[in-house]
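2 protein chains.
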Amino acid sequence: MLETADRRRTDTRERLLEAAERAVVAKGFAATSIDELIVDVGITKSGFFYHFKDKNALARALMLRYLAQDRDVLDGIFTRGDELHDDPLHGFLVGLKLFAEALADLPEHHPGCLAASFCYQDQLFDQDIRDMNAESILVWRRRFRARFDLIAEIYPPKEKIDLEALADMAASLVEGALILGRALKDATILPRQVLLYRDFVRAIFQP
Amino acid sequence: MLETADRRRTDTRERLLEAAERAVVAKGFAATSIDELIVDVGITKSGFFYHFKDKNALARALMLRYLAQDRDVLDGIFTRGDELHDDPLHGFLVGLKLFAEALADLPEHHPGCLAASFCYQDQLFDQDIRDMNAESILVWRRRFRARFDLIAEIYPPKEKIDLEALADMAASLVEGALILGRALKDATILPRQVLLYRDFVRAIFQP
DNA sequence: ATCTTGCTGTACCTCGGGTGCAGTTATGCC
DNA sequence: GGCATAACTGCACCCGAGGTACAGCAAGAT
Chain A
27 MLETADRRRT
37 DTRERLLEAA
47 ERAVVAKGFA
57 ATSIDELIVD
67 VGITKSGFFY
77 HFKDKNALAR
87 ALMLRYLAQD
97 RDVLDGIFTR
107 GDELHDDPLH
117 GFLVGLKLFA
127 EALADLPEHH
137 PGCLAASFCY
147 QDQLFDQDIR
157 DMNAESILVW
167 RRRFRARFDL
177 IAEIYPPKEK
187 IDLEALADMA
197 ASLVEGALIL
207 GRALKDATIL
217 PRQVLLYRDF
227 VRAIFQP
Chain B
27 MLETADRRRT
37 DTRERLLEAA
47 ERAVVAKGFA
57 ATSIDELIVD
67 VGITKSGFFY
77 HFKDKNALAR
87 ALMLRYLAQD
97 RDVLDGIFTR
107 GDELHDDPLH
117 GFLVGLKLFA
127 EALADLPEHH
137 PGCLAASFCY
147 QDQLFDQDIR
157 DMNAESILVW
167 RRRFRARFDL
177 IAEIYPPKEK
187 IDLEALADMA
197 ASLVEGALIL
207 GRALKDATIL
217 PRQVLLYRDF
227 VRAIFQP
């Protein structure tokens, strides 16, 4: 019957997740209807419920996907930073520079963060999804905290500093700058905040 | 018939807004039902639609209320800071200290920001509400930017610095720290971020 | 006495999230 | 070739939430 791509079986679930992430970041989970997702990927409602038993299962799958992507992106950028510089401080500063550049080059106008999007609607979700959301933040805290401990051994900061707060500052700034960027429709806010954070880190540790 | 408070007429609208703000910050606008609000304040659905023609009108009223409160709180804290110190830099630093203390003393465990809550669901709202949301961010930018310009005249920073980004950093950090605080159920994150921001501002301008 | 404000009550419509289940078709495996 | 399985479609139906449209009523203000 000349069907170009019937029985595409393998990627329908993935395409649902992609459509869902776009929609959820754009307008929130509650405002994202199953109907619009199935129109997007060209299946029926029954098809959706074949892949996800309910909307909560969709949310869980989105979070899992997001956690993995987030980890990969951070890993990629900061290992490249370290490859370009042996020293833990300067490798980190290069990593932040690369991060800012990557953010500035994002094709989307006003990107968003799934964790933040879920955060203000978290009563909609099961406890395990809220736990995953917390974990996505803790990943950042642990990553940056470990690096600062390493740096502080070599470059002890002049003044006592709350290193945990400094680590959390990275996630706070990114989440907050995404909000500002969306509200003001200004894609430059996020990379500039990252560069400012970099200035702060350098000022703290550099002798 | 011994009605304790029938015909309370005057404050029903206000009580609706209070209930709505609590619910919206807790679980998002879309997940906040009119039914729960009317149960909260003890009126009927018709009563709700007497006060607000639809949910969008409720959102608009919430934003207006929020803008006024936000302005008053910031005004109060930073004018007190300036009363305690003549110098624009040190008055500002005192203000930030007061701000951090006020945030640490908040009774609610995980407060939230209406602007952030609306931000990730903004497709639900009319354009004018999105504009008000942007305005609530610009209030912060203008306030802090003006102060930094003032400070920079007296204490020119050693290195070139993006003062607009430094101003936006305040709102970014607060919005982001609220998200982290909610996700991790840790009320100390927000005040600690504000204190860190204060350290950064001092490091930039102090000779 | 009547007007206005601040509601209540009833009835009804639509959309979105589900549930339940029977049927269909391509593919892979024996 | 036969058969199981994966990946759906189609249909029928339920519920809750956002509205719409009015008619009515009761307490104060004038």
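Chains as they are written, first to last, in our numbering: chain A, 27 to 233; chain B, 27 to 233. Where a beta carbon is used, it is the ideal one built from N, C-alpha and C, also for glycine.
query: Below-7 angstroms beta-carbon distance, residue 207 (chain B) vs any chain A residue; result: no
query: Close beta carbons around residue 118 (chain A), own chain, < 6 angstroms, minus the five adjacent residues each side; result: 173
query: Residue nearest to residue 214 (chain A) in terms of C-alpha spacing, selected from A:195, A:43 and A:130; result: A:130
query: CB of residue 52 (chain A) within 7 angstroms of CB of residue 159 (chain B), strictly; result: no
query: CB contact check: residue 215 (chain B) to chain A, cutoff 7 angstroms; result: yes
query: Expected contact under 8 angstroms - CB spacing of residue 70 (chain A) and residue 64 (chain A) to nearest Å; result: 6 angstroms
query: Residue 105 (chain B), DSSP secondary structure in three states; result: helix
query: Every unbroken alpha helix (DSSP H) inside the segment 108–150 of chain B [4 residues or more]; result: 114–130 and 140–145
query: Check whether residue 196 (chain A) and residue 226 (chain A) have beta carbons under 7 angstroms apart; result: no
query: Below-7 angstroms beta-carbon distance, residue 158 (chain A) vs any chain B residue; result: no
query: Residue 100 (chain A) to residue 155 (chain B) span [Cα, whole Å]; result: 35 angstroms
query: Spatial neighbours of residue 31 (chain A) in its chain, beta-carbon cut-off 7 angstroms, leaving aside the 5 residues before and after; result: Confidence at residue 31 (chain A) is low in this model, with a pLDDT of 43, below 50, so its placement is unreliable and no value can be given for it.
query: Stretch pair the segment 161–169 of chain A + the segment 179–189 of chain A: three plus CB contacts closer than 8 angstroms; result: no
query: Presumed contact (8 angstroms Cβ cut-off) between residue 54 (chain B) and residue 202 (chain A), rounded CB distance; result: Not a contact, Cβ separation roughly 18 angstroms.
query: 7 angstroms Cβ shell around residue 166 (chain B) - same chain, five flanking residues per side excluded; result: 196 and 197
query: Contact set for residue 49 (chain B): own chain, Cβ-Cβ below 6 angstroms, skip 5 residues either direction; result: 58
query: Three-way DSSP call (helix, strand, coil) for residue 55 (chain B) in this model; result: coil
query: Chain A contacts from the segment 140–154 of chain B (Cβ-Cβ distance under 8 angstroms); result: 141, 142, 143, 145, 146, 147, 148, 149 and 150
query: Limits of the unbroken alpha helix (DSSP H) element including residue 190 (chain B); result: 189–210
query: Contact list for the segment 54–74 of chain A against chain B, Cβ threshold 7 angstroms; result: 54, 56 and 57
query: Bounding residues of the alpha helix (DSSP H) (the contiguous stretch that carries residue 161 (chain A)); result: 153–180
query: Best match in A:199, A:231, A:228 and A:137 for proximity to residue 216 (chain B) [C-alpha to C-alpha]; result: A:199
query: Residue span of the alpha helix (DSSP H) that contains residue 66 (chain A), given as start and end; result: 60–67
query: Per-residue burial, residue 114 (chain A) [other beta carbons within 10 Å of its own, 16 or more giving buried]; result: buried
query: Burial state of residue 72 (chain A), where buried means 16 or more other Cβ atoms lie within 10 Å; result: exposed
query: Test: residue 102 (chain B) CB closer than 7 angstroms to a CB of chain A; result: no
query: Residue 91 (chain A) to residue 109 (chain B) span [Cα, whole Å]; result: 51 angstroms
query: Cβ neighbour criterion (16 or more within 10 Å) applied to residue 132 (chain B); result: exposed
query: Check: residue 38 (chain A) C-beta below 6 angstroms from any heavy atom of the ligand NAP; result: No copy of the ligand NAP occurs in the structure displayed, which carries no ligand at all.
query: Alpha-carbon to alpha-carbon, residue 144 (chain A) and residue 81 (chain A); result: 13 angstroms
query: Limits of the alpha helix (DSSP H) - the one that residue 233 (chain B) falls within; result: First-last for residue 233 (chain B): undefined, no H or E at that position.
query: DSSP three-state assignment for residue 40 (chain B), whether helix, strand or coil; result: helix
query: Residue 200 (chain B): contacting residues in chain A (beta-carbon distance under 9 angstroms); result: 198 and 202
query: Residue nearest to residue 223 (chain A) in terms of C-alpha spacing, selected from A:38, A:181 and A:191; result: A:191
query: Residue nearest to residue 218 (chain A) in terms of C-alpha spacing, selected from A:177, A:148 and A:123; result: A:123
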